[in-house]
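Listed in order, the protein sequences are those of chains A and B.
In terms of this note's numbering, the first sequence opens at residue 1 and continues consecutively.
In terms of this note's numbering, the second sequence opens at residue 323 and continues consecutively.
C-beta: ideal position from N, C-alpha, C; glycine also.
Everything on this sheet refers to the single structure shown next.
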Amino acid sequence: MAQIDRDKLLDIYTRTMKVNRTDEKFRELLMGGKVAVMYYCVRGQELVSAAAMAALEKEDYVVCTYRGQGEQTAKGIPMEKWWGECLGKATGTCKGKGGTMHITDPETGIMVTTGVVGSGLPIANGLAMASQNNGDGRVTLVSFGDGAANIGGFHEAMNMAQLYKLPVIFLCQNNRYGEHTAYADHTDSPNIASRAAGYGMPGVTVDGNDVHQIYPAVKEAVDRARRGEGPTLVEAMCYRMMGHFFGADFSYMPPEHIAEMKAEDPLPKLRKVMLEHQFTEEELDKIVADIDAQINAAVEHALAAPLPDTDEIYKDVLEETA
Amino acid sequence: MAQITMTQALNLAIDEAMAEDPGVFCLGEDVSAKQGGGVFKVTSGLTEKYGEHRIRATPISETAIIGAAVGAALAGQRPIAEIMLMNFVGVCMDQIVNHAAKLRFMSGGQTPCPMVIRTTTGVGVGFGGQHSDMLEAWFAHVAGIHVVTPSNPADARGLMRASIDANDPVIFIENILCYGLKAEDPGPGYRVPLGKAAIAREGTDISIITYGRTVLDALAVADDLAKEGISVEVVDLRTIAPYDEATVLASVRKTGRALTLHEAVRPFGTGAELAANIQEKCWDSLKGPVRRIGGTFSAVPFASHLEQAWIPTKPQIVEQIKASLGKL
Chain A
1 MAQIDRDKLL DIYTRTMKVN RTDEKFRELL MGGKVAVMYY CVRGQELVSA AAMAALEKED
61 YVVCTYRGQG EQTAKGIPME KWWGECLGKA TGTCKGKGGT MHITDPETGI MVTTGVVGSG
121 LPIANGLAMA SQNNGDGRVT LVSFGDGAAN IGGFHEAMNM AQLYKLPVIF LCQNNRYGEH
181 TAYADHTDSP NIASRAAGYG MPGVTVDGND VHQIYPAVKE AVDRARRGEG PTLVEAMCYR
241 MMGHFFGADF SYMPPEHIAE MKAEDPLPKL RKVMLEHQFT EEELDKIVAD IDAQINAAVE
301 HALAAPLPDT DEIYKDVLEE TA
Chain B
323 MAQITMTQAL NLAIDEAMAE DPGVFCLGED VSAKQGGGVF KVTSGLTEKY GEHRIRATPI
383 SETAIIGAAV GAALAGQRPI AEIMLMNFVG VCMDQIVNHA AKLRFMSGGQ TPCPMVIRTT
443 TGVGVGFGGQ HSDMLEAWFA HVAGIHVVTP SNPADARGLM RASIDANDPV IFIENILCYG
503 LKAEDPGPGY RVPLGKAAIA REGTDISIIT YGRTVLDALA VADDLAKEGI SVEVVDLRTI
563 APYDEATVLA SVRKTGRALT LHEAVRPFGT GAELAANIQE KCWDSLKGPV RRIGGTFSAV
623 PFASHLEQAW IPTKPQIVEQ IKASLGKL
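Following this line, the structure appears as structure tokens:
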């Protein structure tokens, strides 16, 4: 088992809790009726996003999906801008014009958040192609779910990435559901990673709830890409502990599945690892308390922020009107 | 200046843009030297100059081609993606419509998408129902894209340079039957601004608003009718969307009559939008209803005589003009 040094563990823990506390806060606001927007919960997938973002450099590119809160906050989008966008405010990353499904923040490398399943993979290739063309040394990571593995763009992109040896990491967060359809009802392949072999690409399936598996797997893929050796498909097994979107019924999840995912919850597991590495309960609690304070301040800021001018509907259509 | 074909004009424009800006590159099926420089040779000779990284022959993967162009554009490059035949845009509409066209807006202006999508089509070469359609109206209906088509080599050169310069996606439609047209080379650096129509021929009795190959038909008809004392003005839109409304409306206000003409099928075509806008804004100048000519509302047929019956013809144009003028 690859060792992760203490500093990196702390980094991963901090990012994980940022993702988790953001998710908790969002659900609290939605439950309380303070906010009424589409939100795709990431409970259960926090560690996958956090570990993946911790394996990247600040300038690396990320393409994610509507369930992208984990990548976005773990990559480091300033919280005020993130919450501003989610609440449709002028202070948001996209001036309130993108919303929860289209968070974009090139400064932190969040280049596209797509609302269309599977559409991010071909775009990630293009970002990576630009890096290959201009030699800027960046890699591009694209995150998607198991459901995206069955759309044509996945196959086209995997083949093209391997053909050109593009510096791209395909991170499949296999959360066992494509929208409301269970994995076994949409796919008969035993896993997604084995598909990589069909393109001549390395593919690996790891436990996304185990920091000692997910971080080294993504890091190795990032290192390969940066060395110019081409793409890797990393499949992180994880659980989507809520419905497809906030408020969606998920009574279709069988009781044994729910029991299994509770037992595999990445947060207590990560906490245990941290304690094993001599972090104290107090230190870890302090990290969470600090994150909560930042989130609360960001939410207050966003709630008080102005709405976008209605003129914005005519702007940013083409350059002339920008 | 030398005479050049439209193929050469496009090649020259791409060549000089690639020479000036290392961020310009081409990708598409069969575009590199190994495959002969593109199915219609537009990228011929460029692999030898710029290498296979900048003239990337791709798998037959339209979604991956356009997705790659979108990503590269977001990273600040200026990709020129080729979709070999326009009907194949059906394979990659999500990347064009949901991504290329919308990323500037949805990001609040942070991620413009400067890319050109070159594509070829045209009725009259016997390619049948899945290789011939003019689908410009599909894209004209989407905010965030320029839709461009040249009718002659000089415009081809100038519009291609302007399209590569543009900081937004451009659908650049090349008509197969126009590749061999010859005209004087406008020379290096020549640009035709996007969104500017040309008065291809001045006239006083009626305005034909058209673009692409049918400009040639309109000009031929104008020549013939001049002999009968009918003065036809031909407006070549050059940029189909967003189009040069000022030039179109000024022409119609001058002549008082308008006929829209395109190869694409007539129902819900660009001619319908033009006609509606003209009737709203030029009502007081109009001497009669705006007339529309377009392709037949069926798939493009294969047999040559069926294809010729399908497509707008010069006699049809003459008939519509004379009907408009009450001279039938």
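Closest residue to residue i among the options (Cα-Cα distance)
{"i": "G624/B", "options": "D455/B, A324/B, P344/B, F410/B", "result": "Inspection of the sequence shows that residue 624/B is occupied by Phe rather than by Gly. Residue D455/B is the option with its Cα nearest to F624/B."}
{"i": "L516/B", "options": "A548/B, S646/B, V470/B", "result": "V470/B"}
{"i": "A520/B", "options": "Y565/B, D539/B, M482/B", "result": "Y565/B"}
{"i": "G328/A", "options": "P190/A, L87/A, C86/A, Y66/A", "result": "Residue coverage of chain A in this structure runs from 1 to 322, which leaves residue 328/A outside it and unanswerable."}
{"i": "V48/A", "options": "V35/A, Q162/A, C172/A", "result": "C172/A"}
{"i": "E651/B", "options": "F449/B, G444/B, V514/B", "result": "Examination of residue 651/B is not possible in this model, given that chain B is present from 323 through 650 alone."}
{"i": "T582/B", "options": "A594/B, P589/B, G358/B, F590/B", "result": "A594/B"}
{"i": "S529/B", "options": "K576/B, R513/B, D545/B, I562/B", "result": "K576/B"}
{"i": "A128/A", "options": "M482/B, N497/B, G398/B, G431/B", "result": "G398/B"}
{"i": "V464/B", "options": "I418/B, F494/B, H453/B, T433/B", "result": "I418/B"}
{"i": "R483/B", "options": "P508/B, Y501/B, V612/B", "result": "P508/B"}
{"i": "E235/A", "options": "Y40/A, Q45/A, E80/A, K8/A", "result": "Q45/A"}
{"i": "I633/B", "options": "A568/B, T536/B, S553/B", "result": "T536/B"}
For residue i, the three-state DSSP class (helix, strand or coil)
{"i": "Y61/A", "result": "strand"}
{"i": "Y372/B", "result": "helix"}
{"i": "I382/B", "result": "coil"}
{"i": "H584/B", "result": "strand"}
{"i": "K424/B", "result": "coil"}
{"i": "K576/B", "result": "helix"}
{"i": "Y199/A", "result": "helix"}
{"i": "L571/B", "result": "helix"}
{"i": "F245/A", "result": "coil"}
{"i": "T536/B", "result": "helix"}
{"i": "K81/A", "result": "helix"}
Whole-angstrom distance between residue j and residue i, CA atom to CA atom
{"i": "D387/B", "j": "P122/A", "result": "Before going further, note that residue 387/B is Ile rather than Asp in the sequence given. Looking at the two C-alpha atoms, the distance is approximately 8 Å."}
{"i": "G115/A", "j": "Q132/A", "result": "27 Å"}
{"i": "S354/B", "j": "T329/B", "result": "15 Å"}
{"i": "D105/A", "j": "V37/A", "result": "20 Å"}
{"i": "I639/B", "j": "S573/B", "result": "18 Å"}
{"i": "A645/B", "j": "R579/B", "result": "11 Å"}
{"i": "L499/B", "j": "P472/B", "result": "12 Å"}
{"i": "A322/A", "j": "A90/A", "result": "Residue placement at A322/A is flagged as unreliable, the pLDDT there being 47, under the threshold of 50; a coordinate-derived value is accordingly withheld."}
{"i": "A335/B", "j": "G480/B", "result": "7 Å"}
{"i": "E59/A", "j": "T108/A", "result": "7 Å"}
{"i": "V204/A", "j": "D210/A", "result": "14 Å"}
{"i": "E276/A", "j": "K262/A", "result": "21 Å"}
{"i": "T16/A", "j": "V112/A", "result": "21 Å"}
{"i": "G153/A", "j": "T385/B", "result": "6 Å"}
{"i": "G208/A", "j": "A305/A", "result": "37 Å"}
{"i": "Y239/A", "j": "A586/B", "result": "50 Å"}
8 Å Cβ cutoff, residue i in contact with chain A
{"i": "S429/B", "result": "yes"}
{"i": "M513/B", "result": "Looking at the sequence itself, residue 513/B is Arg, so the reference to Met does not match. No, no contact with chain A."}
{"i": "D416/B", "result": "yes"}
{"i": "Q432/B", "result": "yes"}
{"i": "V392/B", "result": "yes"}
{"i": "A459/B", "result": "no"}
{"i": "S354/B", "result": "no"}
{"i": "N489/B", "result": "yes"}
{"i": "N409/B", "result": "no"}
Closer than 8 Å to chain B by CB, residue i
{"i": "G84/A", "result": "no"}
{"i": "V317/A", "result": "yes"}
{"i": "V299/A", "result": "no"}
{"i": "G32/A", "result": "no"}
{"i": "N159/A", "result": "yes"}
{"i": "A119/A", "result": "According to the sequence shown, residue 119/A is Ser rather than Ala. So, interface residue."}
{"i": "A130/A", "result": "yes"}
{"i": "V211/A", "result": "no"}
{"i": "T104/A", "result": "yes"}
{"i": "M111/A", "result": "yes"}
{"i": "E59/A", "result": "no"}
{"i": "L127/A", "result": "yes"}
{"i": "E156/A", "result": "yes"}
Buried versus exposed, by CB contacts within 10 Å (16 or more), residue i
{"i": "Q3/A", "result": "exposed"}
{"i": "R6/A", "result": "exposed"}
{"i": "P167/A", "result": "buried"}
{"i": "M1/A", "result": "Unreliable placement is indicated for M1/A, whose pLDDT of 49 sits below 50; no coordinate value is reported for it."}
{"i": "Q630/B", "result": "exposed"}
{"i": "I313/A", "result": "exposed"}
{"i": "Q278/A", "result": "exposed"}
Contact test: residue i Cβ vs the ligand ZN heavy atom, cutoff 7 Å
{"i": "G448/B", "result": "The ligand ZN is not part of the structure shown, which contains no ligands of any sort."}
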